[in-house]
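Working notes, structure below.
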Amino acid sequence: MKDILTAPFMVEMIRTATNMYDHGWDERNGGNISLMLSEAEVKEYLDTDAVIRAIPIGFSAPELEGKYFLVTGTGKYFKNVQYAPEVNLGVVRLADGGKTAELLWGYADGGKFTSEFPAHMMSHVARLAVDADNRVVMHCHPANLLAMTYVHSLDEREFTRTLWQMCTECIVVFPDGVNVLPWMLCGTNEIGEATAEKMATARLVVWSQHGIYGAGKDLDETFGLIETAEKAAEIYMKIAHLPIVQSITDDQMHQLEAHFGVKAREGYLD
Ligand code: 13P
Ligand code: ZN
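Structure, rendered in structure tokens:
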């Protein structure tokens, strides 16, 4: 059996959590990541019959029965992931009709997966239904996206259009736009269900006055998705109080669609 700390998925997870912390997106224990793993890759590093403990998850995700995830721990600081991965991360397999998480590695101090496990697992189900290659759900607290939810309309079309207008390549990176939830209590099944519903139509979901969720096929792509939206929000926060003299027009957005072979969300461009 190979050392799990050398597994490409583990190395990438540690690098990503560290990078997110370095970007200032994950103060204290803010943020969480779940990465779906294949049984074959897990079996290279772990005895999948050796369950350390079974943890009830408080909802059921039967679609994910038997699926493996590498998940950040609740209350754990992204800052510390690189120094103690076996305490701050865990590998779990969903069992019992998706009602239980079987711990196979990690959470070594007796901890458990993120309090946002409902939003993560329900979002995996929602994204897999529209994209069989989806593997990652990522949540963090980037300052500019968060700031924007205090001063900008939360209408999804308006929010998306503003972000698209802030950097030329935004529409190429997230042509399906950004969905937005109003403020809701975090760490609940309710916000999980609401997030998953929003994930059916976009890979980015803003939690007003809280943060953002992103989904994608790998950690790099999902990080890049949030990074691009956050850059756009940063530009918005730099210019929103200034007179806008020019912007990117809808005609120019259509040129981008044609040139990059992407299709903007239906009805979002004039
Ligand atoms: P956890 O420490 O439980 O992952 O919670 C962090 C967070 O960002 C809650 O939304
Ligand atoms: Zn959060």
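For the sequence shown, counting from 1, position 239 maps to 241 in this note's numbering; every step adds exactly one. C-beta: ideal position from N, C-alpha, C; glycine also. The structure presented is a predicted model; accordingly, all values stated were derived computationally and were not measured.
- The residue among Val53, Ala9, Glu29 with its C-alpha nearest the C-alpha of serine 40 is Ala9.
- Linking glycine 194 to glutamate 29 through their CA atoms gives a straight-line distance of about 22 Å.
- Leucine 258 and isoleucine 250 have their alpha carbons spaced roughly 11 Å apart.
- Closer than 7 Å to some heavy atom of ligand 1: that describes the Cβ of threonine 116.
- For secondary structure counted as the beta strand (DSSP E) over 3 or more consecutive residues, the region 37–71 holds these complete runs in sequence order: 55–58.
- If only complete runs of 4 or more residues are kept, the region 185–263 shows the alpha helix (DSSP H) at 191–201, 221–241, 252–262, in order along the chain.
- Collapsing the DSSP output to three states places leucine 130 in a helix.
- Distances from the CB of histidine 256 to the heavy atoms of ligand 1 are all 7 Å or more.
- By the criterion of at least three beta-carbon pairs nearer than 8 Å, the region 83–95 is not in contact with the region 155–173.
- When Cβ pairs closer than 8 Å are counted between the two stretches, the region 195–210 is seen to touch the region 118–127, the count reaching three or more.
- Beta-bridge analysis with DSSP links tryptophan 107 to Val93.
- Straight-line measurement puts the Cα of isoleucine 54 at about 7 Å from the Cα of glutamate 104.
- Going by DSSP, asparagine 82 is part of the alpha helix (DSSP H) stretching over 80–83.
- Around the C-beta of tyrosine 238, 16 or more other C-beta atoms lie within 10 Å, and the residue is accordingly described as buried.
- The alpha-carbon of proline 144 is positioned some 8 Å away from that of isoleucine 214.
- For serine 36 against valine 73, the beta-carbon gap comes to about 5 Å, under 8 Å, which counts as contact.
- Relative to the non-hydrogen atoms of ligand 1, the Cβ of glycine 189 comes within a distance shorter than 7 Å of at least one.
- Of all alpha-carbon atoms in Ala19, Pro87, Lys265, the one lying nearest the alpha-carbon of glycine 179 is that of Lys265.
- Secondary structure of cysteine 169 (DSSP, three-state): coil.
- Around the beta carbon of lysine 200, a 10 Å sphere encloses 16 or more other beta carbons of the protein chains shown; the residue is thus reported as buried.
- By the criterion of a C-beta distance shorter than 7 Å, lysine 233 is surrounded in its chain by Cys169, once the five residues flanking it on both sides are discounted.
- Annotation: the continuous beta strand (DSSP E) that includes leucine 183 extends over 180–183.
- Across the structure, threonine 20 and lysine 81 are spaced so that their CA atoms are roughly 6 Å apart.
- In this structure, threonine 151 sits away from asparagine 34, with a CB-CB distance that is not shorter than 8 Å.
- By the C-beta density criterion, valine 207 is buried, having at least 16 other C-beta atoms within 10 angstroms.
- Beyond the five residues adjoining it in sequence on each side, cysteine 172 comes within less than 8 Å, by CB distance, of Leu165, Trp166, Thr230, Ala231, Ala234 in the same chain, given in chain order.
- Histidine 122 carries a helical assignment under DSSP once its states are collapsed to helix, strand and coil.
- Checking the 7 Å criterion, the Cβ of threonine 197 is out of range of every heavy atom belonging to ligand 1.
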